[in-house]
Each structure stands twice: as C-alpha cells, then as structure tokens.
Amino acid sequence: MDATGKSKWIVGLAAAVLLIAFPLIIERLTSQYYLYLTVKIMIWALFATSFNLVLGYGGMMSFGHAAFYGAGAYCCALLLVKTACPVWAAALAGPAFAAAIGLVIGYFSVKIKGVFYFATLTLAFSQLFYILVFKWRSLTLGDDGIQGIPVPECISTLESYTNYYYFALVVTAICFYILRRIVQSPFGLILNTLRENAERSTFIGVNAQKHRLIAFVISAFFSGIAGVLLVFLETSLSPDVLKWSNSGEVILMGLLGGMHVFLGPTLGAAIMVLLNSFVTSYSEYWGLCLGLTLVLIVLFFPQGVGGLVHERLEARAKRKTA
Amino acid sequence: MRIGTKWTVVALSSLVAIAICIATPACVLAEKPIKVGLIDSYTGGAAAFTKPALNGWKMVIEEFNSKGGFKGRKIEIVTRDDKFKPDEALSHARELLLKENVDFLAGTTNSGACLAVSEFAKQKKKLLMVHMARSERITEAKGHQYVFRGSPSADIEGSAGGAFAATTQFKKWYILGEDYEYGHSIADNFWKGLVRNQPGVEKVGEAWPKLQETDYTPYLTAMMAKKPDAVYIAFGASGMVTIMKQAKLFGLTEKVAVFAFSLADSAFPRALKDSMPVDVYGGSNYLWYYPDSPGNKTFVKNYLDFTEKLGEPDPYPSGIGAFSGYCCAKFLIEAILKADSVETEKVVKALEGLAIDTPIGKIVMRGCDHQAETPSFWGKIVKVEGFPFPVVKDVVMTPADKNMPTCAEVMELRKGDK
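Which chain is which? The protein sequence lines are A and B, in order. Heads up, the first sequence is in the UniProt record's numbering, so the first residue is 1 and it goes up one at a time. Heads up, the second sequence is in the UniProt record's numbering, so the first residue is 1 and it goes up one at a time.
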C-alpha cells in the first residue's frame, strides 16, 4: 500500500472511531440536542448526496426532489398510522414509492432538452404532489399533518437519541457506500460524460435518456430513504416536507459543500444545519445569514468548501510525489 | 511555598462556597429563572399577531417578576421563530428542551406546527401552552395530559358564529373559505352551529379558494350568481385582509350580508384601514371596548403603557394576539402559584379546572380536555362616533360552554384517534 492509500485508511479509521464514539462524547460533554442535530445532518446529507447524483454527476437541475423525500416519508408514515403494516415493510415501501414517483416524473422530465425546462417541469410535478397531499385531507390530514407515528422501541428517541443515532449511521453509511460505488462505476462515468457533453455522448452510442432516467430513479429511491429516516426521527410529518424550498435547500447544500466531490453535499448539509441551529438561537435573520454565506462561497470558492478541501489535498499529494 | 498557600486558600474558599450552596439550596435556585420556551412565527405575515401575543405574555410576566417572581425565581421567555413551518417549530422545541432546558413550552400560530410540538411535549412529558393555533384536534382528538390551550379553538369560534348567525334569520347561505385546515374547520363548525340553532337554513353553495390566492373576484362573481342571503367567510388572518380589500372593491357588503369571525378584532380595521367594511357581522374572542368595565379599561391602559415602553404604543389590544398571550401567561403563572411548584406534573394538575380573572370575566381551563372556556363576541360592525374605526354595536356574548363538545365527546374522539 502506498503512502496516500495508507493515510486514507488512517483518516477513514479515525472518522469511523469518532462516529462510533460520538454519542458517548456528546453525553459526557454536552446536551443530547447535538446528537439530534447530528442525526439531522445525516438525513440531510443522504438527501443531498442522492440529489447530487442527479445534479452534480448527471448535470440535471431538478427542482422537485422534495417530492421524493416527502413521498418516502408520507408513504411510510401513512402505512404506519393508517394500516397494520409492519415497520420494516413501511420503511421499505417508502423508498420504493419514492422511486416509483421518480420513474413517473423522470420519464417525462428527461425527455425535455434544456436546463430551464427540466427544472420547471420537475418543480411543477413536485408542486402537484405537494398540493395533492395538502388537499387530500381525509387521507393525509392536510396541513395539520400526521403526528404520533409509531416507531419501534429499539430506535425510539423517547429517552435518548443514541440508538437512533447508530441506526441512522448504519443506514446512511450503507447508502453512501452504494452511492459511491454507483458514481465510480461505468454508469457513473457515463453520467459524468452526459453532464459534460450530452450531444457527444449520444454520438458514441450512449442512450442519454435511459441513463438519466435510471439516475433519476436511483436518486429518488435514496431520497425516499432519507424521508423514512426523517419520519422515525421526528415521529411527526407535515406537507411542508414536500415544499419546493426543501428542493432548494439540497441545491444550496451542494453549492456550499461542492457538487463535484462525493462528500461535498454532506459538508454542505453539516454547514447548513449547524449554522441554522446556531443563528436561529440568537436571531430571526437566518435567511440573511444564509444569503451572505452563499454569496461569499459562490464568489470566493465556486467549487464549494468540499471542492476547495479536495483541491488542496490533491495539490499536497502532488507536491509530495514530486 | 507562597504558591502552595495561595492554592490552599483557593481550595478552602471553594469548599466553603460549595458547602454554603449545598446547605442553602434556595440561594442557588434564586438565580435560576423559570424558562418558558415560546415558539412562534416572528417573521412573515403572521408577525402582526404573534408580536402582540408576545407582548401579552411579557406584560403579565413583567408584573409577576416585579413582585418577586416565584420564590425569588423570575420567569424568562426564550423565543424562537418557526417561520410558520412545522418542522422548524419541532426542531426549536427540541433545542429549547434539550439545550436551553426550558421548564415549559408555549406557542404556536400554525396548527400543524402546534400538533407536531404537542406530540413532542407528550413524549417528553413537558407542558405546552397553546396561545394562537386554532385546530380543534390540538385539544380534542390529539389532546393529551401535557397540552393546554388558553385561547379559543376553531369549534368554539365557529359554533358561536353559527349560533349568532341563527338569530339574524337569513335563510340562504354561501360558504367561502380558504382551502386549509382552519378554513374548513371553522366553516364546518359555523354551519353545525347555525343548523342546530336555526333548522331549515339552506346552503346554496360553497367555494374553497386556495391558500394565499391573490384574486378572489371570480369566486365572488360565482357566489353572487347563487343569490345567497348571507355569506360566511372562513379565512385565516392574512387571507382575510386580502379578501376584504377585494370585497370592498367588488361592493360585496352592499349586495349580501357578510359574516366573518375575527373581523371584529382590532387587528383588522388597522390592517384594512379604508377597506374595512361596515355593516357586516363580525366576531372576536376579545373586544377592547367591551365590556365597558373598569377591569377592561385597566387592561387596555396597562397594555398601552407596556407597549409604549417598547416604543410601539398600542391602545387597542387585539384578541387574537395580545389577549391570548395575556391569558396563557396568566394561566401558567397562576398554576405555578397554585401548585407551589414548577414541576410539570404538579402544574398540569393545578391547571386542570383553574379559573383566571381576565378583563372579560373569569375564564376556566376545562379539566377534561385542557381547553380554556373562552367566550365569543359577535355583532354588527358599524361606525360609531368616538371610536377610531368601525366597531361591534350591540355585542352578543356567547359563553364557550354552549359551543364546546362535551367531555364525553372529546374522549370518544381521542379513542377514535388511537
């Protein structure tokens, strides 16, 4: 193993140990609230990373990803509240339903040429889904939302967030592993090619629509998993989860963290969640603070914080080998 | 040697300080305030109501603190802005409880946010005092041991409106409501109250424009085609301002009798200004000029003095905001005093059946469902000399107990929701 490989392993191992020991450290040093925030970061990170498969790798500016996040969450929550469906089945049905919705929206959207039309169509579909949930009061309870969603005792957050932290960590880690394999696979490389130059890719025989649709459905599936994790964490759900602003937030996370680095959106999610929690504790001007941060990032680090770190690390590695 | 002596002195003084604090726990407690975590929408359209509500809370708490607080402990309000979003509200509730260690939770205006926070309060066994959210599910189907509402619910307001409307003897009715939970809820309860008190009324039509609609003219035109005698407008606060402005241009009030709850609240004539309709029927949970009693006058004056100190003098306290905040703060403080404790379980017990004195008389927190028995005031809104804007003339007060579901009905709803 070369030096770079070795240091990667060491960093990975240290991160794993830190993540495993994190609840113990938090419990000793501070409040459980930070454990809750960490789980929230994981959920947003999963949502943002799955979205990044479409935007960062596929170059598709979807403005409707909240629909998949919300579809997964609503499907799971409704099955748990309205039927006698076992928890594991509801948890699997959530992402499956999100993927199905992704297939429908994606089928129509990937045919459209041009970023603007793609964004508009995905936004329109997601708003349609939002209105449906908002208005179908007999099924979804409208804007009152769903509360008291039953969660298995082993991951319940009633007494402590520790168990749920480990559950979310395992689920997120597995999803990240799969997503990472996808972006590194030939399929992922084709997605990159489509992002860079779709026309040229089709000349060499790539079926652009098919690849984009598959990416869209995969992304919807993992967004649905993030939705299910949210349901188990909050045990309440409102139609706001489907609002276009949530689709916007994952775009911002990508911008903040860096869209072309796998862990960029995770970094963006961490910055957004922590900044939000910190700023809203002291001020009502969270929007202003976020706006300023974004302007600074876009002006000075257009590749995002993650992109910047990645560039620096690569430059260092090059210097060492030279 | 010198350093050693210095450290010995430090250690000994620390030991003495610790011993003193252990021996006299009251001295430690005296410094720790009782924290109330208030979650509400302090930015956006709802701020016109949430800020007066916060003033209502602060006014009562300031007076309580100036008298020494509870066993030397003062009450402190910690506010958080939920931006009218349930997920933000829930997130703040967690932060307030887990990080800020608040003793009680309070809020919100958004019913969805309130239900989410209420579920969390139930899980964490913390008291939640609801001050503006109206959904009846908060204290009925989704009610529990730890949630209390010191303001009216949509069914109290709706049924009272229906009962009042029955006295006017209009036959053909049209319902125009905003298509969201509050709109449907208050309209349904209005209709139930009307039919109960005046059998034989006819609903000639209904329309449900979407929330935050900007142009209501097509709805108003379609409504007039049905030739109703009267229309009930079931809108939330910000929608009410928009529709009333357009109704004025449309000349609605000259064509048909208009009924709308909350229109009598002092917040609306001030928001609507010249567009404030007259000769319409409106209601509120509080009127700054009724009853014309010394108690109410004192409240109005105290509120003006308090808001003057904040640099925003308000001589006409609103019912939706200021009065609701005032009542909730009073319920909480009197429960703490009655329980002689800030422990949640004891305060919960003390709140059940607690009666507070308010400018409009005694208000009781019903023990079975934790819903305050707030009366409603209805009447025709007209221009009266000496008043700065149109007010209700010949006020009809409907006590809450006439419009609330019975305890048995509430328990049945809770069972059904399990």
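Here a beta-carbon is modelled for each residue, glycine too, at the ideal position from N, C-alpha and C.
Taking the Cβ atoms as the reference, A48 of chain A lies roughly 4 Å from M253 of chain A, within the contact range of under 8 Å. Each residue's CA atom was taken as its position, placing T217 of chain B and S138 of chain A some 29 Å apart. Here DSSP, grouped into helix, strand and coil, assigns D87 of chain B to helix. Residue pairing by DSSP puts F261 of chain B in a beta bridge opposite B:G283.
In the three-state reduction of the DSSP assignment, Y130 of chain A falls in the helix class, which pools H, G and I.
For T139 of chain B, the secondary structure class from DSSP, reduced to helix, strand or coil, is coil.
If you keep only unbroken alpha helix (DSSP H) runs of at least 4 residues inside the stretch 93 to 125 of chain A, you get nothing at all. The stretch 307 to 322 of chain B makes contact with the stretch 49 to 56 of chain B: 3 or more CB pairs, one atom from each, lie closer than 8 Å.
The Cβ of S126 of chain A sits no closer than 8 Å to any Cβ of chain B. If you draw a 10 Å sphere on the C-beta of D40 of chain B, you find 16 or more other C-beta atoms in it, and that means buried.
Under the three-state reduction of DSSP, G205 of chain B is assigned to strand.
Look at Y74 of chain A: its C-beta is not under 8 Å from any C-beta on chain B.
Taking one beta carbon from each stretch, the stretch 331 to 338 of chain B and the stretch 346 to 359 of chain B have 3 or more pairs nearer than 8 Å; the two touch.
For a Cβ distance threshold of 8 Å, residue set D87, L90 and A116 of chain B lies close to E234 of chain A, ordered along the chain. Cβ proximity to chain A below 8 Å picks out D179, Y180, E181 and H184 from the stretch 168 to 188 of chain B.
Distance from the CA of Y281 of chain B to the CA of G361 of chain B, rounded to the nearest whole angstrom, comes to 24 Å.
With contacts defined as CB atoms closer than 8 Å, K171 of chain B and E202 of chain B qualify as a contacting pair. Closest in C-alpha terms to T139 of chain B, from the list B:K126, B:K125 and B:A154, comes B:A154.
At least one beta carbon of chain B lies nearer than 8 Å to the beta carbon of L158 of chain A. Identification of chain B residues near E284 of chain A by a Cβ-Cβ cut-off of 7 Å yields Y42, T43 and D81, ordered along the chain.
Residues of the stretch 124 to 145 of chain B with a Cβ closer than 7 Å to any Cβ of chain A, in chain order: S135, R137 and K142.
The alpha carbon of L141 of chain A has as its nearest neighbour, out of A:L237, A:K320, A:T321 and A:S281, the alpha carbon of A:L237. K135 of chain A belongs to the set of residues whose beta carbon lies under 8 Å from a beta carbon in chain B. If you look at A355 of chain B, you'll find it in the beta strand (DSSP E) that goes A355 to T358. Ranking A:C289, A:L230 and A:L308 by CA distance to the CA of C75 of chain A puts A:L230 first. Taking 8 Å as the cut-off, the Cβ atoms of G64 of chain A and A98 of chain A do not count as close.
A straight line joining the alpha-carbon of K273 of chain B with that of K126 of chain B spans about 42 Å. The beta carbon of Q209 of chain A sits closer than 8 Å to the beta carbons of V110 and K111 from its chain, once the five residues preceding and following it are set aside; these are given in chain order.
Around the beta carbon of T321 of chain A, fewer than 16 other beta carbons sit within 10 angstroms, so the residue counts as exposed.
Contact between the stretch 158 to 165 of chain B and the stretch 370 to 382 of chain B is established, with three or more Cβ pairs separated by less than 8 Å.
Segment contact: the stretch 209 to 220 of chain A against the stretch 23 to 34 of chain A, fewer than three CB-CB distances shorter than 8 Å; contact not assigned.
If you draw a 10 Å sphere on the C-beta of I204 of chain A, you find fewer than 16 other C-beta atoms in it, and that means exposed. A Cβ of chain B is located within less than 8 Å of the beta carbon of V241 of chain A.
When C-alpha distances from L304 of chain B are compared across B:D314, B:K346, B:W288 and B:L310, the shortest belongs to B:D314. Collapsing the DSSP output to three states places G287 of chain A in a helix. Within chain A, the C-beta atoms nearer than 8 Å to that of L98 of chain B come from S31, Q32, Y33 and Y36, in chain order.
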